[in-house]
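*Asks:* Here you go, one structure.
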């Protein structure tokens with residue numbers, strides 16, 4: 001799940017997300033294995049020439065996934081081992097207050113997946129929409145967050161490494177923006193230059209946000225939780241900005 005807040009709340013929300021992810025580590029492994037398998041199937045088993053696979057492998061290392069698990073997933077994707085043939089699906093819809101939602105899935109059973117996603121939307125106050133109904137509001141990009149770095153030096157290093165933009169908010173939080181394919185190389189270059197990010201990923205970033213507070217924020221969180229808990233769901237992206245007490 002990706003949520004971004006203005007000012008200092010952004011970093012607090014990313015930390016909140018990380019804690020939620022850590023609590024679901026077993027499911028994270030399953031998601032990563034699917035992503036590695038599909039990435040290897042689509043672009044080959046060499047991470048040097050397959051940015052999507054390199055990103056998935058980076059996430060696997062960050063999650064402390066055993067190397068054997070990673071290699072097995074690659075081998076299944078390239079056909080060296082027999083594996084499940086996953087298909088990728090994206091569903092779009094609306095949550096509380098009209099907040100936009102995109103739900104990326106990998107599944108071996110499309111009928112089951114669409115039924116589960118529709119049920120999660122309907123049960124939790126959302127509406128499953130048609131293809132393209134909210135996609136225009138999202139941009140595919142990478143980001144890296146730094147909370148304690150020299151702004152000028154980081155900006156120079158980031159742009160030299162191929163970053164698209166560097167954004168600094170009024171709390172001193174620095175966000176480096178990249179293309180999806182450049183994220184891993186920019187991250188590596190900045191680490192070599194001595195800069196370690198506190199958070200980062202390749203995501204679908206909402207261009208227009210829907211701010212939710214009070215009961216609406218709680219209801220939206222329940223909808224997000226219901227979608228994320230589904231076995232076939234890989235990622236949930238939203239325009240919702242939640243102010244949860």
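Numbering (UniProt numbering), first residue to last: 1 to 245. Every residue, glycine too, gets a C-beta built ideally from N, C-alpha and C. Just so it is clear, the structure is predicted and the values come from calculations on it, not from any experiment.
Just checking, does the region 168-188 make contact with the region 222-239 on the three C-beta pairs under 8 Å criterion?
*Replies:* no
*Asks:* Three Cβ pairs or more, each shorter than 8 Å: is that satisfied between the region 135-143 and the region 109-125?
*Replies:* no
*Asks:* Report the partner residues of residue 127 according to the DSSP bridge assignment.
*Replies:* 94
*Asks:* Spatial neighbours of residue 243 within its chain, please: CB distance less than 6 Å, with the 5 preceding and 5 following residues excluded, ordered by chain position.
*Replies:* Here the set comprises 213, 217.
*Asks:* By DSSP's criteria, residue 143 is part of a beta bridge. Which residues make up the other side?
*Replies:* 177, 201
*Asks:* Between the C-alpha atoms of residue 240 and residue 97, what's the straight-line distance to the nearest angstrom?
*Replies:* 9 Å
*Asks:* To the nearest angstrom, report how far apart residue 237 and residue 206 are at their CA atoms.
*Replies:* Computed Cα separation, rounded: 8 Å.
*Asks:* What residue does the beta strand (DSSP E) around residue 165 start on, and which one ends it?
*Replies:* 165-168
*Asks:* Using 10 angstroms around the beta-carbon of residue 151, count the other beta-carbons present and answer buried if the total reaches 16, otherwise exposed.
*Replies:* exposed
*Asks:* Measuring only the C-alpha atoms, how far is residue 186 from residue 162?
*Replies:* 6 Å
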